[in-house]
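Residue numbers (my numbering): 206 to 292.
Encoded as structure tokens, the structure appears first; notes follow it.
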């Protein structure tokens with residue numbers, strides 16, 4: 206099972222930098238899931254809950270995010286959030 210490199214950054218600091226199975230992000234066009242190998246993608250993030258999965262069925266963390274941007278590239282997923290709070 207390939208891992209996805211995930212980073213969550215706010216203006217104050219780097220909150221997360223880890224290898225995960227999947228992340229579900231609240232995008233303005235709807236929630237979207239990102240797995241390793243996802244096609245390059247950018248989205249505006251709406252206020253909502255970001256879910257981090259360690260495997261297909263286990264959510265290990267839920268983080269409330271307030272706005273920002275998400276970018277998927279060959280290195281993984283980076284979410285630049287205006288604010289983020291552990292749920």
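From the three backbone atoms N, C-alpha and C, an ideal C-beta is built for every residue, glycine too.
This structure is a prediction, so every number in the text was calculated from the model and none was measured.
Separation of residue 208 and residue 241 (C-alpha to C-alpha, rounded to the nearest whole angstrom) is 6 Å. 239 is the residue among 232, 239, 234 whose C-alpha sits nearest the C-alpha of residue 224. DSSP places residue 267 inside the beta strand (DSSP E), whose first and last residues are 263-278.
Proximity to residue 228 across 246, 222, 211 peaks at 211, based on C-alpha coordinates.
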